[in-house]
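Notes for the one structure printed next.
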Amino acid sequence: MLTLLDRLTQLIEECWGPRGLLLAAAVVLVYAAGLSIYRLWFHDLASIPGPRLMALSYWPEFYYDVLLGGRYFRVIDDMHLKYGPIVRVNPDEVHFDDPDFIDTLFPLYGRKTNKPIEIGKRTGTPDSMVTTVDHDVHRRRRNAVNVFFSNNSIRRLEPILHERLRTLLRRVHNDDSGKDEPLEMHPVFRACTNDVITTYAFGRSFNLLDRPDFGLPYFEASDVFFRLEHLFGHFTWLADLVQATPLWLVSMLFPSLKDLVEKQAWWIERVREIRDSPGMCKADGTIFQGIVNSELLEEDLTDKRLSAEAQLIIFAGEGTTAYTLTAAMYELLANPTELAKLQRELAVAIPNRDAMPTFAQVESLPYLNAIIQETVRLHPGVMARQARISPEVPITYKGKYTIPPGTIFSMSPLTTHMNPDAFEDPYEFRPQRWIDDPKIGRAFLGFARGSRNCVGMNLARKEMALVLSTIFRKYDLYCGQDGPTVELYDTERARDIDPNHDFIIPVPAKGSKGLRVVFRQ
12 MLTLLDRLTQ
22 LIEECWGPRG
32 LLLAAAVVLV
42 YAAGLSIYRL
52 WFHDLASIPG
62 PRLMALSYWP
72 EFYYDVLLGG
82 RYFRVIDDMH
92 LKYGPIVRVN
102 PDEVHFDDPD
112 FIDTLFPLYG
122 RKTNKPIEIG
132 KRTGTPDSMV
142 TTVDHDVHRR
152 RRNAVNVFFS
162 NNSIRRLEPI
172 LHERLRTLLR
182 RVHNDDSGKD
192 EPLEMHPVFR
202 ACTNDVITTY
212 AFGRSFNLLD
222 RPDFGLPYFE
232 ASDVFFRLEH
242 LFGHFTWLAD
252 LVQATPLWLV
262 SMLFPSLKDL
272 VEKQAWWIER
282 VREIRDSPGM
292 CKADGTIFQG
302 IVNSELLEED
312 LTDKRLSAEA
322 QLIIFAGEGT
332 TAYTLTAAMY
342 ELLANPTELA
352 KLQRELAVAI
362 PNRDAMPTFA
372 QVESLPYLNA
382 IIQETVRLHP
392 GVMARQARIS
402 PEVPITYKGK
412 YTIPPGTIFS
422 MSPLTTHMNP
432 DAFEDPYEFR
442 PQRWIDDPKI
452 GRAFLGFARG
462 SRNCVGMNLA
472 RKEMALVLST
482 IFRKYDLYCG
492 QDGPTVELYD
502 TERARDIDPN
512 HDFIIPVPAK
522 GSKGLRVVFR
532 Q
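Mind the numbering: the sequence shown is residues 12 to 532 in the working numbering, read in order.
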């Protein structure tokens, strides 16, 4: 009689011998064939146009987004050119490029709208308000922060913005060096927006705008993190593993993330202070004081949930606005006619060029707001697919295609904004289009749409208005004259500004040195 150990040894030999390997290979082949047949002919999305390779597998998306670094958005654009306004971009997702269908996909009221769990996994924030899966839970969590992003609440931030803008002007002043050296503006804007959103969230900031390097190590660590988001989206278990790993261990295993990990630890500790020591942490009027004092359920106020909320609020508040500010500054310096129109408008609204503009002076300026709108159209701060799920109701497109409940569907801001049926000469920077025809706003996706639109869009618009008016009321375009001026330095739109990689926030081409300008006093 064989002992248990002998039998186990024999079983292993049989499984790993030629017959066992052959059987395993046969099982894999049969499974793959069956899955392929199902996805191509029997899947609920089998009738949706698109390449068969994308319908068969997630590997093409993995190749372009993970291995090539956020390049699948270009493939999707090519698919729409070939197959039309509705395409199947992977086995389980339908993508649209039809401005007339935006309000159907993203309703403000009525139909419930969920988010795919993969979105939160990508950023390590599945418990944040923005990436909350369930429609009703999202609404509950959003209600706790809505008031902080109203126009009235944001006006209270004017002194904070003024203080940061005075620092920004001081930092770009070149009198001390006596040299007209180029300055990369993206880190400057990131530092400024980080200081503002961190102060608003927690009552304190890291004052990155005061640091000689503008907090570059932190931003470099953040960039590394965002470059992992496609990998986490494909392998959600890996995202779960990283999220469950203690911050000190993440810092030890991945030294490039050290500065980000330190900031995350500070966010968590600050949230605990606000939650557990009310009245003692000088957080009056902050976002997180509002959250912890709201009527949220106890499950919404755990360390894990609030740390996810903190991370997403900071990431969204710093990176998106900074990118669009960078693009706006480029477009104005590269288009002197548009800059001249803006400066004429600013001169009337703000007679003293050395005065700090106020919200009241700039928030209703038509051309300034048209510039912001056009910049967000051409250079949206978030370029990732805006994916949703209708959990209860099917969606029918033109009476021909039906998207069953529970199916992922999406649209992309950049794809829609470059649709020539929605925007004439879509690649051109033409702010006047928004004044001549406000109806084109029907195709605008820069701040998402519907019940899950960007909660911070009022803050972003007001920040951009104040920053741009401050810079361009004081500085003229350099044409050889004396006085405060600014000019571009070795910056090209295709190389240094336009999105070339989708890491949620747009990233320019490899080798780009960013927007560089020269300030003269």
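For each residue, glycine too, the CB sits at the ideal point set by N, CA and C.
* Counted within 10 angstroms of its Cβ, other Cβ atoms place M263 as buried (16 or more) or exposed -> exposed
* Asked: Can you tell me whether DSSP reads I515 as helix, strand or coil?
  -> coil
* Can at least three beta-carbon pairs, one atom from the segment 370-378 and one from the segment 503-517, be found at a separation below 8 Å? -> no
* Asked: What residues in its chain sit with their C-beta under 7 Å from that of L376, if we drop five residues either side in the sequence?
  -> E356, A360
* **Reference G95, options S462, I59, G461, closest by Cα** => I59
* Where does S267 land, buried or exposed, given buried means 16+ other C-beta within 10 angstroms? -> exposed
* Member of S305, T256, E342 whose CA lies at the smallest distance from the CA of R153 -> S305
* Asked: In terms of residues, what are the limits of the alpha helix (DSSP H) holding I419?
  -> From DSSP, I419 is part of no alpha helix (DSSP H) but of the beta strand (DSSP E) over 419-422.
* Give me the Cα-Cα distance between W248 and L219, rounded to the nearest whole angstrom. => 34 Å
* DSSP three-state assignment for E474, whether helix, strand or coil -> helix
* By Cβ distance below 7 Å, which residues in the same chain neighbour F246 in space, the five residues on each side in sequence not counted? -> none
* To do: Return helix, strand or coil for L264, following the three-state DSSP convention.
  => helix
* Beta carbon of F213 nearer than 9 Å to that of D206 -> no
* Asked: Quick one: what's A398 bridged to in DSSP?
  -> S421
* **Identified DSSP bridge partners for Y412** => Y408
* Quick one: complete alpha helix (DSSP H) runs, 4+ long, within the segment 306-332? -> 314-326
* Asked: Around the C-beta of A471, are 16 or more other C-beta atoms found within 10 angstroms, so that it is buried, or is it exposed?
  -> buried
* Return the first residue and the last residue of the alpha helix (DSSP H) that V528 is part of. => Per DSSP, V528 belongs to no alpha helix (DSSP H); it is in the beta strand (DSSP E), 527-531.
* **Between the CA atoms of K132 and A319 - distance to the nearest angstrom** => 11 Å
* Can you give, in chain order, each stretch of the alpha helix (DSSP H) that sits fully within the segment 216-259 and has at least 4 residues? -> 227-237, 240-245, 247-255
* Asked: Looking at C-alpha atoms only, which residue of D103, A35, P29, P170 is the closest neighbour of S47?
  -> D103
* **Where the alpha helix (DSSP H) through E174 begins and ends** => 169-183
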